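There are 2 protein chains.
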Amino acid sequence: MSNSPPRGFPPEEFEARTAKVQAEMDQAGLSGLLLMTEAEVRYFSGFHTLFWQSPTRPWFLFIPAQGKPIAVIPEIGALLMRQTWIDDIRTWPAPNPGDDGISLLTELLSPLASQSASIGVLKGHETALRMPLGDYEHLIAALPGLQIKDATGLVRSLRMVKSPREIEKLSHICAIGSRIFERVPDFARAGTALDEVFRAFRRAALDVGADDVPYLVGGADQGGYRDVISPPSARPLQAGDILMLDSGATWDGYFCDFDRNFAITQADDLSRRAYDVLWRATEAGLAAARPGTTCRELFHTMQSVIAQMDSAGGDVGRLGHGLGMQLTEWPSHAAFDDTVIQENMVLTLEPSLSYGDGRIMVHEENIVIRASGAELLTSRAAPELPVI
Amino acid sequence: MSNSPPRGFPPEEFEARTAKVQAEMDQAGLSGLLLMTEAEVRYFSGFHTLFWQSPTRPWFLFIPAQGKPIAVIPEIGALLMRQTWIDDIRTWPAPNPGDDGISLLTELLSPLASQSASIGVLKGHETALRMPLGDYEHLIAALPGLQIKDATGLVRSLRMVKSPREIEKLSHICAIGSRIFERVPDFARAGTALDEVFRAFRRAALDVGADDVPYLVGGADQGGYRDVISPPSARPLQAGDILMLDSGATWDGYFCDFDRNFAITQADDLSRRAYDVLWRATEAGLAAARPGTTCRELFHTMQSVIAQMDSAGGDVGRLGHGLGMQLTEWPSHAAFDDTVIQENMVLTLEPSLSYGDGRIMVHEENIVIRASGAELLTSRAAPELPVI
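If you read the sequences in order, they're chains A and B.
Okay, so the first sequence: first residue is 35 according to the working numbering, each after it adds one.
Okay, so the second sequence: first residue is 35 according to the working numbering, each after it adds one.
Dropping the structure here:
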């Protein structure tokens, strides 16, 4: 696309991220950080590949107290890793069930273990252990003295606030997402099967510049859909259906995540009203989402509008979240989350409600937080339920 | 597509899988199996959604010694899970960092803990712990007496051998993959940027019936490519390039995984020779892949042909693997893997070699093992390097 930002990041981006995390590690008394998940390895190294789709091989990035991160990775990734800013790349011929990087990690971490030093791993909310649990247990057992601490808060606080270059990428993919949704009336018509609508959506995404659409869910049913995470059925759209499409498209490894609702041929009054309530809940969220507000306050602001129609709220668990290299990231707009919203966070506002006979409706917009408040990255949904 | 097999599986498929695993659990002295990864949850329940793209929420499926599996999942998934054969569905309003399913799991597992019973979790090769490690540690600590054993071997042995309905789906997506590759000469021409080739490949995949292309990598360079896991550059294809595209397209949650090589305008002699060696290594693999052969033997059979040009072999670590709900599955065609090949395994044959000045070439075909030997699921690559 002619107006695309550059792909990738210059080395100073990774230097800055690493310097920030090392300052926080110092404060937390951590002599290192052992990372193994796609987003974290990419965040600190720039290593970007779809090869993570294969569950076979573990990949490790170790951030020492000072200096550049150290990659401990399968040999198949060496050439790509050498194109990043990382210098110290240690490889083994993977897969090797008997020793998938464990000797290399043991060698790397032994000096720290002999000092009874502490290292951080991600053990907290929204994280996973992307290596065999048995290997992790063996590694820890081979390093007596090494203290393992949860570094989730530290990585979370860093990744939640986006850099200008990250915001540029997120802005680009959100604009692409808006252009995809503009085309929905061209292909979502009465008589078209929902799975064909999905296929046309993916085609439109490629046409307007998305790299990929890793996430696409939705629903359509008479007077409202009932589920928001299903794959598409082959049922043809019918007059009176409410159609929702929710997409996580990507560009250069960054996601948009928003949805749009449409009525096919005609809209019932209850769905119109649900739409209006959610549109206004989003407006309230847009006004409230500014530096200094907590996610809990943002949640209650949106929830108080939703309560005009649904006192219980939907069952989706929260009313929005962080957005970036992953479809959903920290924080959560939920009663449990007291995260203070900061400038340069990129967030979704995702109010939902239940109505009628087990129907659900979900709205979603993507925003970036500026000093003055929320700035939309998506083209704002129409104020009234659009009829195709 | 008019010739598509049915989507999903009838309940008897899940009954059979569950009965088989319960028989193996009985032999292994396991009173339950706690699963939390997408493929395993789907394999035993039929729960199929792209929502796993969001890392926020954990999902659990518990297989008791007798009876149907029990789902312990976020409320947002309840409606979709109720459409499967599962009856016992326990939900919580997720995300909830303070208790993301842990109380529900503790309640479920406490009776087993009080009997000092053993349960299985996946701790072995090619597995991950898809829940926060901290939550896992809290769960185990809350269940004194409960014995945790590695059940990787048990699940592996079951999933490696595909059912007729699974083979039908895999055959369908491999045929779709072959139709995509037939179109490559239409859009991969000198002057076309590699990222545009990728985009056209994804479009072609949708046109010929794929649901999605979660995995697409490749390379192109003068006289041979150097890397097989990179995202595409914007460099235009040039006369004398060797282009490789390697794709994991999906249909109904099942993958194909194979690649094709092309020369742009003209082919150099060394690349022609590398192609010929790999084509013959694949032929040797096709002849050797039959019930009773080990993966190690299959590896050595292909490696002995590859050694005609490259005594070290490539750096990709193995010469093929299992294929199914994941892009790569157990087993590995590698010297370490003594798995005995069985009827109804679906496998890739993926010989690779290094040549020239740091070039690499990879071939790949997908097969199903019949009583009489290997049956190709992909349209066999041309015996000579195709020139576009």
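Cβ coordinates follow ideal geometry from the N, Cα and C atoms, glycine included.
Model, not experiment: these values are computed from the prediction.
Original post:
Taking buried to mean at least 16 other C-beta atoms within 10 Å of its own C-beta, is THR382 of chain B buried or exposed?
Top reply: buried
Original post:
Where do the ends of the beta strand (DSSP E) carrying TRP433 of chain A lie?
Top reply: Residue 433 of chain A lies beyond the stretch modelled for chain A, which goes from 35 to 422, so this question has no answer here.
Subject >> Cross-chain neighbours of LYS157 of chain B in chain A, by beta carbon under 7 Å >> reply: PRO166, LEU167 and GLY168
**OP:** Indicate, with yes or no, if the ligand MN has a heavy atom lying under 7 Å from the CB of ALA416 of chain B.
**Re:** No copy of the ligand MN occurs in the structure displayed, which carries no ligand at all.
**OP:** In the DSSP assignment, find the beta strand (DSSP E) that holds LEU277 of chain B and state where it starts and stops.
**Re:** 275-285
**OP:** Using three-state DSSP, classify MET35 of chain A as helix, strand or coil.
**Re:** Unreliable placement is indicated for MET35 of chain A, whose pLDDT of 47 sits below 50; the coordinate value is still reported in the next sentence. Of the three classes helix, strand and coil, the one that applies to MET35 of chain A here is coil, per DSSP.
**OP:** Just mark SER267 of chain A as buried or exposed, buried being the case when its beta carbon has 16 or more other beta carbons within 10 Å.
**Re:** exposed
Original post:
Comparing the C-beta of PHE221 of chain B with each C-beta of chain A, is any distance below 8 Å?
Top reply: no
Original post:
Taking C-beta to C-beta, are MET59 of chain A and LEU67 of chain A nearer than 8 Å?
Top reply: yes
**OP:** Assuming GLY179 of chain B and ILE210 of chain B form a contact by the criterion Cβ under 8 Å, report the distance between their Cβ atoms to the nearest whole angstrom.
**Re:** Going by Cβ atoms, the distance from GLY179 of chain B to ILE210 of chain B rounds to 50 Å, so no, they are not a contact pair.
Subject >> Minimum C-alpha distance to VAL421 of chain B - residue among B:SER386, B:ALA273 and B:ALA62 >> reply: B:ALA273
**OP:** Reducing DSSP to helix, strand and coil, say where ARG91 of chain A ends up.
**Re:** coil
Subject >> GLU377 of chain A - DSSP class collapsed to helix/strand/coil >> reply: coil
**OP:** Could you tell me whether the Cβ atoms of MET165 of chain B and PRO108 of chain B are closer together than 8 Å?
**Re:** no
**OP:** Check the Cβ of TYR249 of chain A against every Cβ in chain B and list those closer than 9 Å, keeping chain order.
**Re:** LEU84, PHE85, GLN87 and SER88
Original post:
Residues in the stretch 100-119 of chain A with C-beta within 7 Å of chain B's C-beta atoms, listed in sequence order?
Top reply: PRO108, GLU109, ILE110, GLY111, LEU113 and LEU114
Original post:
Straight-line CA distance for LEU320 of chain A to HIS397 of chain A?
Top reply: 13 Å
**OP:** Verify whether the separation of the beta carbon atoms of ALA437 of chain A and ILE207 of chain A is less than 8 Å.
**Re:** No answer is possible for residue 437 of chain A: the residues shown for chain A start at 35 and end at 422.
Subject >> Assigned secondary structure, ARG76 of chain A (DSSP; H/G/I helix, E/B strand, else coil) >> reply: helix
Original post:
PRO131 of chain A: buried (16+ other C-beta within 10 angstroms of its C-beta) or exposed?
Top reply: buried
Original post:
Taking one C-beta from the stretch 174-191 of chain B and one from the stretch 148-159 of chain B each time, how about it: are there three or more such pairs within less than 8 Å?
Top reply: yes
Original post:
When the distance is taken between beta carbons, is SER281 of chain B closer than 8 Å to PHE235 of chain B?
Top reply: yes
**OP:** Take PHE292 of chain A as the anchor and find which of A:ILE298, A:TYR249 and A:HIS334 has the nearest alpha-carbon.
**Re:** A:TYR249
Subject >> Which of helix, strand or coil DSSP assigns to TYR316 of chain B >> reply: The sequence as given places Thr at residue 316 of chain B; Tyr does not occur at that position. Correct three-state label for THR316 of chain B: helix.
Original post:
In its own chain, which residues sit with a C-beta less than 6 Å from the C-beta of SER197 of chain B, not counting the 5 before and 5 after it?
Top reply: none
Original post:
Using 8 Å as the limit for Cβ to Cβ distance, is MET35 of chain A near chain B?
Top reply: Because MET35 of chain A carries a pLDDT of 47, less than 50, the predicted location of this residue cannot be relied on, and the following value inherits that uncertainty. By this cut-off, MET35 of chain A is not an interface position.
Subject >> Close-in-space but distant-in-sequence residues of the same chain around SER148 of chain A (CB under 7 Å, 5 per side omitted) >> reply: GLY179
Original post:
How is MET343 of chain A classed by DSSP in three states: helix, strand or coil?
Top reply: coil
Subject >> Partner residues on chain A for PHE370 of chain B, Cβ-Cβ distance less than 7 Å >> reply: ASN130, PRO131 and GLY132
Original post:
Under 8 Å, do PHE296 of chain B and VAL218 of chain B count as touching if we go by C-beta distance?
Top reply: yes
Original post:
Going by beta carbon distance, what residues of the same chain come within less than 7 Å of PHE43 of chain B, once the five residues before and after it are set aside?
Top reply: GLY80 and ARG199
**OP:** Report buried or exposed for GLU418 of chain A, applying the criterion of at least 16 other Cβ atoms within 10 angstroms of its Cβ.
**Re:** exposed
Original post:
So, GLN342 of chain A versus VAL380 of chain A, is the Cβ gap smaller than 8 Å?
Top reply: no
Original post:
Secondary structure at GLU363 of chain B, three-state DSSP: helix, strand or coil?
Top reply: strand
Original post:
For the stretch 355-379 of chain A, which residues have a CB atom closer than 9 Å to at least one CB atom of chain B, in sequence order?
Top reply: HIS355, GLN360, LEU361, THR362, GLU363, TRP364, SER366, ALA368, PHE370 and ASP371
Subject >> Buried/exposed call for GLN56 of chain A, threshold 16 Cβ in 10 Å >> reply: buried
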